[in-house]
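Step one of this worksheet: look at the structure below.
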Amino acid sequence: MTIIVGNDHAAVNMKEEIVTYLKELGHQVVNYGVDTAQSCDYPEIGEKVGQAVAAGEGGLGILFCGTGIGMAIVANKVRGVRAAVCTDTTMARLARQHNNANILTIGARITGTEAAKDIVRTYLESEFEGGRHEQRVDMIRDIENR
Ligand code: RB5
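Numbering of the sequence shown is given in this note's numbering, commencing with residue 301 and proceeding in unit increments.
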């Protein structure tokens with residue numbers, strides 16, 4: 301799968317570790333994030349990744365910032381994006397199974413690299429369950445259209 305990633309200055313190292321991990325798992329990666337520690341504005345990067353994922357440029361997206369919160373707030377402003385900040389594997393599994401989250405966000409100042417790898421792997425291996433959850437995701441889409 302092609303994974304679209306993005307990050308701000310707070311998460312350069314984590315992004316790099318996770319990109320390496322994604323490639324080890326056999327995924328292709330498109331990187332919209334920054335690669336230096338120079339301060340930047342996470343809304344610009346979150347919007348780019350949100351638009352790319354919503355446009356179907358790749359499969360799923362992963363965004364990193366200090367907490368994961370700012371990137372989730374930004375990405376969720378893009379129509380068609382369901383971004384979920386996850387701090388453990390249960391959240392990652394349910395974000396896919398119940399919410400059909402198409403972007404995972406992780407906080408590099410909150411979550412350690414090894415835990416982040418487990419979260420990413422769980423997120424990518426989990427599948428949307430549909431059924432009653434489909435109806436609820438449709439309701440979210442309806443809100444976007446109102
Ligand atoms: C940058 O200092 C920090 O605010 C950002 O990475 C993120 O945590 C925002 O939600």
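Using N, Cα and C, we set each Cβ at its ideal position, and we do this for glycine too.
Note that this is a predicted model, so its numbers are computed, not measured.
The Cβ neighbour count for residue 430, taken over all protein chains shown within 10 Å, is under 16; the residue is labelled exposed. Contact check for residue 349 and residue 360: beta-carbon distance about 10 Å, past the 8 Å limit, so the pair fails to qualify. In the three-state scheme derived from DSSP, where H, G and I count as helix and E and B as strand, residue 410 is classed as coil. Per DSSP, reduced to three states, the secondary structure at residue 390 is helical. When secondary structure is reduced to three states using DSSP, residue 430 falls in the coil class, being assigned neither helix nor strand. Going by C-alpha positions, residue 324 is about 19 Å away from residue 412. Cβ-Cβ separation between residue 363 and residue 302: approximately 15 Å, too far for a contact (criterion under 8 Å). Taking every protein chain shown into account, the CB of residue 371 has 16 or more other CB atoms within 10 angstroms, so this residue is buried. Only residues of its own chain outside the window of five on either side were considered, and among them none has a CB closer than 7 Å to the CB of residue 445. Judged by DSSP in its simplified three-state form, residue 361 adopts strand. Any heavy atom of the ligand RB5 within less than 6 Å of a residue's beta carbon puts that residue on the list, which reads 308, 310, 342, 365, 366, 367, 369, 370. For residue 306, the three-state secondary structure derived from DSSP is strand.
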